[in-house]
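**Student:**
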Amino acid sequence: MIRAKGFGWRHAGRRAWAVRGLDLRVERGERVLLLGPSGAGKSTLLAAFAGLLAADSGVREGTVEVDGRVGIVFQDPETQIVMARAGDDVAFGLENHAVPPAEIWPRVDEALARVGFPYGRDRSTAALSGGEQQRLALAGALALRPDVLLLDEPTANLDPAGADLVRGALREALDPGTAVVLVEHRVAEALPLVDRVVVLEPGGGIRADGPPDEVFAAHGAGLAADGVWVPGHPVEPRRACAPPGEGLLAAERATIRDRLAAVDLLVRAGESLAILGPNGTGKSTLALLLGGLLRPDGGRIAATPALAGPDAATPPHRWRAPALARRIGSVFQDPEHQFVTSTVYDELALGPRRTGLPDEAIRSTVDELLERLRLARLAGANPYTLSGGEARRLSVATALAAAPALLVLDEPTFGQDRRTWVELVDLLAGLRDEGRGIVTVTHDPAFVEALADRTVRL
Amino acid sequence: MKAVLARRNPVAKVAAALVFTVALVTTLDPVPPAVAIAIELALAPLFGVGYRALARRAWPLLVAAAGVAVTMVLFAAERTGDTVFQAGPVAVTTSVLGGALGLALRVVAIALPGVLVFASTDPTDLADALVQNVRAPYRFAIGALAAVRLVPLLGQEWQLLRLARRARGVDAGRNPVAAARIFVSTAFGLLVGAIRRGTRLAVAMDARGFDRGGSRSQARTQRFQTADAALIIGALSLAAAVLFAGVAT
Numbered sequence: 001m002i003r004a005k006g007f008g009w010r011h012a013g014r015r016a017w018a019v020r021g022l023d024l025r026v027e028r029g030e031r032v033l034l035l036g037p038s039g040a041g042k043s044t045l046l047a048a049f050a051g052l053l054a055a056d057s058g059v060r061e062g063t064v065e066v067d068g069r070v071g072i073v074f075q076d077p078e079t080q081i082v083m084a085r086a087g088d089d090v091a092f093g094l095e096n097h098a099v100p101p102a103e104i105w106p107r108v109d110e111a112l113a114r115v116g117f118p119y120g121r122d123r124s125t126a127a128l129s130g131g132e133q134q135r136l137a138l139a140g141a142l143a144l145r146p147d148v149l150l151l152d153e154p155t156a157n158l159d160p161a162g163a164d165l166v167r168g169a170l171r172e173a174l175d176p177g178t179a180v181v182l183v184e185h186r187v188a189e190a191l192p193l194v195d196r197v198v199v200l201e202p203g204g205g206i207r208a209d210g211p212p213d214e215v216f217a218a219h220g221a222g223l224a225a226d227g228v229w230v231p232g233h234p235v236e237p238r239r240a241c242a243p244p245g246e247g248l249l250a251a252e253r254a255t256i257r258d259r260l261a262a263v264d265l266l267v268r269a270g271e272s273l274a275i276l277g278p279n280g281t282g283k284s285t286l287a288l289l290l291g292g293l294l295r296p297d298g299g300r301i302a303a304t305p306a307l308a309g310p311d312a313a314t315p316p317h318r319w320r321a322p323a324l325a326r327r328i329g330s331v332f333q334d335p336e337h338q339f340v341t342s343t344v345y346d347e348l349a350l351g352p353r354r355t356g357l358p359d360e361a362i363r364s365t366v367d368e369l370l371e372r373l374r375l376a377r378l379a380g381a382n383p384y385t386l387s388g389g390e391a392r393r394l395s396v397a398t399a400l401a402a403a404p405a406l407l408v409l410d411e412p413t414f415g416q417d418r419r420t421w422v423e424l425v426d427l428l429a430g431l432r433d434e435g436r437g438i439v440t441v442t443h444d445p446a447f448v449e450a451l452a453d454r455t456v457r458l
Numbered sequence: 001m002k003a004v005l006a007r008r009n010p011v012a013k014v015a016a017a018l019v020f021t022v023a024l025v026t027t028l029d030p031v032p033p034a035v036a037i038a039i040e041l042a043l044a045p046l047f048g049v050g051y052r053a054l055a056r057r058a059w060p061l062l063v064a065a066a067g068v069a070v071t072m073v074l075f076a077a078e079r080t081g082d083t084v085f086q087a088g089p090v091a092v093t094t095s096v097l098g099g100a101l102g103l104a105l106r107v108v109a110i111a112l113p114g115v116l117v118f119a120s121t122d123p124t125d126l127a128d129a130l131v132q133n134v135r136a137p138y139r140f141a142i143g144a145l146a147a148v149r150l151v152p153l154l155g156q157e158w159q160l161l162r163l164a165r166r167a168r169g170v171d172a173g174r175n176p177v178a179a180a181r182i183f184v185s186t187a188f189g190l191l192v193g194a195i196r197r198g199t200r201l202a203v204a205m206d207a208r209g210f211d212r213g214g215s216r217s218q219a220r221t222q223r224f225q226t227a228d229a230a231l232i233i234g235a236l237s238l239a240a241a242v243l244f245a246g247v248a249t
């Protein structure tokens, strides 16, 4: 079905090849998991298979041939849905392929049924959860009856329940003859779907190719070190070495209309608190409240004198921004939301500069953070050009630059490879052991296992 | 069941609204726009738009019209007629009031049909009708439709970007220069996010054959019927009646 010979691709404006010297054959009905460290060119390769690499967007070497129709499902649910109604969205691809109108709706209904879509054709796509949107995107790809189905981390942006729904749909919905190429960080969850694993070597070629057991037996440790989530290589938990200190911040019946039911909790110094719960229960809203960024509609958020000194009498949402950043650091789900300058160095210097430190002290603070988060090489880069893992590390570093006593993080491990993940966990464990309070809103059971001293479920 | 005029072909609705409002541009007199507003309000239920819903959608329009009227009263060059009252240096005369009223009424009369049409038209239907009934290029119509779907996300994104700036310790306090700088940086963040999303959406659309070129089939049919032609002719007649009302008074 797919034949790549000596294939290579270099994106316009980049010096390094995203993929190079790649020879690969995928036969009819094969189910392939494509692995490799971040930056090994997995997504580029899928785009090449899907015919989405425009000739003017880079330099090509070798050949890629694909027989038959190709369907692809991407990572981000929001930007895959084209139409306002679910049925119209599935029909979109059929219209583009000039399928006769009389055949369109039966094929739409069939595709929706296959992926277990729980609503009718008229369901508004804006009202769907992430997992439902991904199932709809899958239906849109399957309605075209693809011979090759390409899946680019289709569950990376979903909560565990949504990811299960999508994997379930994948298990049920595929024709035996359809070849599948799946890119996925979370190998354990993907294994039931595949019968062959191909590992890309960063810089070019293939490191390993074969049945999952053999590949992981031979290359598991190396892959884990390179950041791939390999089954059987768990991460050691980082337990607190001292009991928690005094309270820093409390939510007392804090609530926001239509977004968050009343919550009581106390965040303490030297403790890592994880906030769990399904989508839609207001976890992110609670993170914004604890971060002093929203005013509660009811109840209150109260800082203790340990956190805010004399300002403890006023609620955090009324503090001036510089005072807030010195006390509570917030790390948003999307790192790019937090970038306000044009270089990585300036991002980190911003907080300390506002506290009026001398230049020398600022430089040493920033340099230390750059080293600690492996960003030194990127000090002059524009924050918007960083990779996902780099952007995440920078967003955490920016919150740390003002040395707050409390850190509030919203899904910090979302979509991260194993290497960045371990670094984050180590960093946060270190901060906790220095006596800071850590609050993390998360769906990630491994993160809770490794770092949470206490959990609150919404 | 949709209201009788809401059911009409979207292209016919847009055409009727255009025909009706173009007529109003040709007159400065306050009577025709007043008559036009009366007609528009009378027709609103036929578009399935209740008065409460109409008020909710049209209030920015009323604010704009009031703004226009106040500006006219303060700055109109020609101040003939009897002085109604004197507000400091501003002599408010009958001609000034008449002109201001006429302009404010025109703003409302011209914008209301658009509000009615878009409140009663599904964007998907409009895109379909543009492609099928007036042969608009589908890449434009469907592309715009997909892009419009992303617009509500921009509002949420703007709020998050603002909160994220506060979390970084950036706020303007009472300094307007700092406020402007923060506004620019927030807008830049919004733009970067919008371009990223737009690019991803375009790739996803092409992956489903949007860039195939050649023929494309239609899952949904929009028909242009006699009733749709009648709607446009009706709008033309009403426009003529409104202008006549202006001449007659």
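These protein sequences, in sequence, are chains A and B.
Residue numbers for the first sequence, in UniProt numbering: 1 to 458.
Residue numbers for the second sequence, in UniProt numbering: 1 to 249.
C-beta atoms are modelled at their ideal positions from N, C-alpha and C, and glycine is treated no differently.
Between which residues of its own chain and A/GLN75 is the CB-CB distance below 8 angstroms, once the five residues before and five after are set aside?
**Tutor:** Once the five neighbours on either side are set aside, the close Cβ partners of A/GLN75 are ASP152, GLU153, PRO154, ALA156, ASN157 and GLY415.
**Student:** Taking C-beta pairs closer than 8 angstroms, name the residues in chain B that A/PHE339 reaches, listed in chain order.
**Tutor:** Neighbours of A/PHE339 on chain B, chain order: GLY189.
**Student:** Exposed or buried, what is A/THR44 when buried is set at 16 or more other beta-carbons lying within 10 Å of its beta-carbon?
**Tutor:** By the 10 Å Cβ count, A/THR44 comes out buried.
**Student:** Does any CB atom of chain B fall closer than 8 angstroms to the CB of A/ARG436?
**Tutor:** By this cut-off, A/ARG436 is not an interface position.
**Student:** Taking only three categories from DSSP, how would you classify A/THR365?
**Tutor:** Looking at A/THR365 - three-state DSSP - the assignment turns out to be helix.
**Student:** What residue range does the alpha helix (DSSP H) around A/ALA4 cover?
**Tutor:** It is not in any alpha helix (DSSP H) - A/ALA4 instead sits in the beta strand (DSSP E) that spans 2-11.
**Student:** Rounded to whole angstroms, what's the CA-CA distance from A/THR385 to B/GLY98? Just pull it up for me.
**Tutor:** Taking the straight line from one Cα to the other gives about 58 angstroms.
**Student:** Quick check: is any heavy atom of the ligand HEM less than 7 angstroms from the C-beta of A/PRO176?
**Tutor:** Ligands are entirely absent from the displayed structure, and the ligand HEM is therefore not among its contents.
**Student:** So with Cβ pairs under 8 angstroms, would you call A/TYR345 a contact of chain B?
**Tutor:** So, not an interface residue.
**Student:** Would the segment 265-274 of chain A count as touching the segment 434-454 of chain A if we require 3 or more Cβ pairs under 8 angstroms?
**Tutor:** Cβ pair count under 8 angstroms is three or more, so yes.
**Student:** Which residue wins for smallest C-alpha separation from A/ALA16, given the options A/GLY8, A/SER364 and A/THR343?
**Tutor:** Considering only alpha carbons, the answer is A/GLY8.
**Student:** Note down, in chain order, every chain B residue with its Cβ under 7 angstroms from the Cβ of A/PRO296.
**Tutor:** Neighbours of A/PRO296 on chain B: none; closest Cβ ~14 angstroms, over 7 angstroms.
**Student:** Alpha carbon to alpha carbon, how far is A/PRO212 from A/THR442?
**Tutor:** Distance between the alpha carbons of A/PRO212 and A/THR442: 29 angstroms.
**Student:** Considering only residues of the same chain and omitting the five flanking positions on each side of B/ILE232, which have a CB-CB separation below 8 angstroms?
**Tutor:** Contacts found: ALA12, ALA15, ALA16 and VAL19.
**Student:** If I measure Cβ to Cβ from B/LEU130 and keep anything under 6 angstroms in the same chain, skipping five residues before and after, which residues do I get?
**Tutor:** ALA136 and ALA141.
**Student:** Are any of the Cβ atoms in chain A nearer than 8 angstroms to that of B/ALA219?
**Tutor:** Closer than 8 angstroms to some Cβ of chain A, the Cβ of B/ALA219 qualifies, so yes.
**Student:** Whose C-beta lies closer than 8 angstroms to the C-beta of residue 318 of chain B among residues of the same chain, with five residues either side of it excluded?
**Tutor:** Given that chain B is displayed from residue 1 to residue 249, the structure contains no residue 318 of chain B and the question cannot be resolved.
**Student:** From what residue to what residue does the alpha helix (DSSP H) around B/GLU40 run?
**Tutor:** Note, B/GLU40: alpha helix (DSSP H), 31-43.
**Student:** Under the assumption that B/ALA109 contacts B/LEU24 (Cβ atoms under 8 angstroms), give the Cβ distance between them as a whole number of angstroms.
**Tutor:** At roughly 5 angstroms, the Cβ-Cβ gap stays under 8 angstroms, so B/ALA109 and B/LEU24 are in contact.
**Student:** If you drop the 5 nearest sequence neighbours on each side, which residues of the same chain put their C-beta closer than 6 angstroms to that of A/TRP229?
**Tutor:** Closer than 6 angstroms at Cβ, skipping near neighbours: HIS185, ARG186, VAL187 and ARG418.
**Student:** Could you tell me whether any Cβ in chain A is nearer than 8 angstroms to the Cβ of B/THR121?
**Tutor:** No, its Cβ sits nowhere closer than 8 angstroms to a Cβ of chain A.
**Student:** Out of A/ASN279, A/PRO106 and A/LEU249, which has the shortest C-alpha to C-alpha gap to A/LEU260?
**Tutor:** If we check each option's Cα against that of A/LEU260, A/ASN279 comes out closest.
**Student:** Which residue comes first and which comes last in the alpha helix (DSSP H) that contains A/ILE104?
**Tutor:** Unbroken alpha helix (DSSP H) run through A/ILE104: 101-114.
**Student:** Can you tell me which of the three DSSP states A/GLU434 falls into?
**Tutor:** Correct three-state label for A/GLU434: coil.
**Student:** Between A/THR398 and chain B, is the shortest Cβ-Cβ distance under 8 angstroms, so that the two count as touching?
**Tutor:** Yes, contact with chain B.
**Student:** Is the shortest distance between the beta-carbon of A/HIS97 and the beta-carbons of chain B less than 8 angstroms?
**Tutor:** Yes - at least one Cβ of chain B is within 8 angstroms of the one on A/HIS97.
**Student:** Is it buried or exposed, A/ILE81, if we count other Cβ atoms within 10 angstroms and call 16 or more buried?
**Tutor:** Buried: at least 16 other Cβ atoms inside 10 Å.
**Student:** Using only CA atoms, which one of A/LEU53, A/GLY51, A/ALA91 and A/GLY388 lies nearest to B/THR221?
**Tutor:** For B/THR221, the nearest C-alpha among the options comes from A/ALA91.
**Student:** Give the secondary structure of A/LEU200 by DSSP, where H, G and I count as helix, E and B as strand, and everything else as coil.
**Tutor:** Looking at A/LEU200 - three-state DSSP - the assignment turns out to be strand.
**Student:** With distance defined between alpha-carbon atoms, name the residue in A/LEU427, A/ALA303 and A/LEU182 nearest to A/GLY291.
**Tutor:** Ranking A/LEU427, A/ALA303 and A/LEU182 by Cα distance to A/GLY291 puts A/ALA303 first.
**Student:** How is the beta strand (DSSP E) around A/ILE301 delimited, first residue to last?
**Tutor:** Where A/ILE301 is concerned, the enclosing beta strand (DSSP E) stretches over 298-303.
**Student:** Compute the distance between the beta-carbons of A/GLY87 and A/ALA143, then report whether it is under 8 angstroms.
**Tutor:** Their beta carbons are not under 8 angstroms apart, which means A/GLY87 does not touch A/ALA143 by this criterion.
**Student:** List, in order along the chain, the chain B residues whose C-beta lies closer than 9 angstroms to that of A/LEU350?
**Tutor:** Result: ARG168, GLY169 and VAL170.
**Student:** Would B/TYR138 be called buried (16 or more neighbouring beta carbons within 10 Å of its own) or exposed?
**Tutor:** Buried, because 16 or more other Cβ atoms sit within 10 Å of the Cβ of B/TYR138.
**Student:** Please list, in chain order, all residues of the same chain as A/ILE104 whose beta carbon is under 8 angstroms from its beta carbon, the five residues on each side excluded.
**Tutor:** Only ALA91, LEU94 and GLU95 meet the Cβ criterion.
**Student:** So if I threshold CB-CB distances at 9 angstroms, which residues from the segment 374-387 of chain A count as touching chain B?
**Tutor:** Flagged, chain order: TYR384.
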